[in-house]
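Counting the sequence shown from 1 gives a position; the numbering used here is that position plus 3.
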Amino acid sequence: MTTMRSLSPLLLLVSSAIDAFYLPGVAPREYKDGDKVEIRVHKLSSARTHLPYDYYSLPFCKPDTIVKQAENLGEVLHGAVIQNSPYDIFMGKSEFRIACRRELTKAQKVSLSQRIRQDYRVHMIMDNLPAATKMIAEMPDGTKKDMYDRGFRLGFIGSKDIPGTDPNKPYVNNHLRFIVKYHKSDTFSGARIVGFEVEAYSVKHSYEGAWNAAAPKLTSVPLRPDLAPMPAWSPEIVYTY
């Protein structure tokens, strides 16, 4: 099992010329530069256990107040639990941000490690579009084709083939790179979001002195490939995006 080690701290905004597809009954929204783009969290799922969990059942960063928010009729009918998140994303803006620092109890370490071993994926939603992970598949004729998988991996298991990891130990993906694809046209003002990709990385952040939530000073930025990954059994985790 492998993990990506090429790091980039920035939100990536990609202009797309492809016509967007919109669900019936869901009106497209136009965003101007600087408008907040809300990221909502959905669930944790695993093809191995087929047992979903609430996103906030694990020690992730939380907003001040958690609000359940179904975005469309389909989510309401399926009983999907859609909740707000602490991520601050703005159209046209790309910057590195610290989401939070979480101190983990023994029970939280056990739960996080177990769900990584069970190959859980994290699901998010942006403007009615599910988060996806992009993969490049090699076809039988030797050509390469872009493939997408819903959500992104919660973490991975270390091995001798992954630098900086201990074999059979779980590591959590605590740095997210959001890739927002958008479409502009003369027929409407602003930009419409047509794609939402997430690249998840594991980074063992470090900081100067005692943790200062108001003005944390990370020594692990700028991010680089030689940084060690984040062990899931650590007493604390710093989440960034």
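Glycine included, every Cβ here is placed at the ideal spot set by N, Cα and C.
Given the structure is predicted, the values throughout are model-derived calculations rather than measurements.
query = In this structure, what does DSSP give as the bridge partners for R100?
reply = Counted from its first residue, the sequence shown places residue 100 at position 97. R100 pairs with nothing; no bridge assigned.
Check: Going by DSSP, what residues sit across from Q86 in a beta bridge?
Finding: For the purposes of this step, residue 86 is taken as residue 83 along the sequence shown, with counting starting at 1. According to DSSP, Q86 bridges with V44, K71.
### Message
Just verifying my parser: in three-state terms, what is the DSSP assignment at R196?
### Response
By 1-based counting over the sequence shown, the position of residue 196 is 193. In the sequence under discussion, the amino acid at residue 196 is Ile, which differs from the Arg named in the question. I196: strand per DSSP, three-state reduction.
With K3 and I92 assumed to form a contact (beta carbons below 8 Å), what rounded beta-carbon distance in angstroms separates them?
Residue coverage of the chain in this structure runs from 4 to 244, which leaves residue 3 outside it and unanswerable.
Please classify V224: does DSSP put it in a helix, a strand, or coil? As a position in the sequence shown, residue 224 is number 221, starting the count at 1. Correct three-state label for V224: coil.
Q) F181 and A135: beta carbons closer than 8 Å? A) For the purposes of this step, residue 181 is taken as the residue at position 178 of the sequence shown. For the purposes of this step, residue 135 is taken as the residue at position 132 of the sequence shown. No, the pair does not count as a contact, with Cβ atoms beyond the cut-off.
Where are the alpha helix (DSSP H) runs, 4 residues long or more, that stay fully inside the region 144 to 222, in chain order?
none
Notebook entry, point to check: Under a three-way DSSP split, which group does R245 fall into?
Noted result: Because the chain in this structure spans residues 4 to 244, residue 245 falls outside the shown range and cannot be described.
Helix, strand or coil: which one does DSSP assign to K109? For the purposes of this step, residue 109 is taken as residue 106 along the sequence shown, with counting starting at 1. Three-state DSSP puts K109 in a helix.
Give the single residue among Y185, G161, H208 whose Cα lies nearest to the Cα of M94. Here residue 94 corresponds to residue number 91 of the sequence shown, with the count starting at 1. That would be Y185, whose Cα lies nearest to the Cα of M94.
(Q) Using only the alpha-carbon positions, how far apart do K163 and P173 sit? (A) On the sequence shown, position 160 is the one that residue 163 refers to. On the sequence shown, position 170 is the one that residue 173 refers to. In a straight line, the C-alpha of K163 is about 13 Å away from that of P173.
*Among the residues of its own chain, which have a CB less than 6 Å from the CB of Q111, if the five just before and after it don't count?*
Taking the first residue of the sequence shown as 1, we reach residue 111 at position 108. The answer, listed in chain order, is P62.
The beta strand (DSSP E) spanning I128 covers which residue range?
On the sequence shown, residue 128 is found 125 positions in, with the first residue counted as 1. Its beta strand (DSSP E) spans residues 124 to 129.
_Cut-off 8 Å between Cβ atoms - residues of its own chain near S205, not counting five sequence neighbours on either side_ = Counting from one through the sequence shown, the residue named residue 205 turns up at place 202. Cβ within range, chain order: T6, G158, F159, Y174, V175, N176, N177, H178, P232, M233.
Below 8 Å on the Cβ atoms is my contact criterion, and I expect G154 with S60 to pass it. Report the Cβ-Cβ distance as a whole number of Å. Taking the first residue of the sequence shown as 1, we reach residue 154 at position 151. Taking the first residue of the sequence shown as 1, we reach residue 60 at position 57. The Cβ separation is near 15 Å, so there is no contact.
How long is the line joining the alpha carbons of E211 and P219, rounded to whole angstroms? The residue you call residue 211 lines up with position 208 of the sequence shown. The residue you call residue 219 lines up with position 216 of the sequence shown. One C-alpha to the other measures close to 8 Å.
message = By the three-class DSSP mapping on this structure, what secondary structure does I92 have?
response = Taking the first residue of the sequence shown as position 1, residue 92 is located at position 89. Three-state result, I92: coil.
- Nearest neighbour of T243, chosen from K46, K39, D36, E98 [CA to CA]: Working through the sequence shown from its first residue, we reach residue 243 at position 240. Here the closest residue by C-alpha is E98.
Exercise for review: May I ask you to report which of helix, strand or coil DSSP gives Y58?
Suggested key: Residue 58 sits at position 55 when you count from the first residue of the sequence shown. Correct three-state label for Y58: helix.
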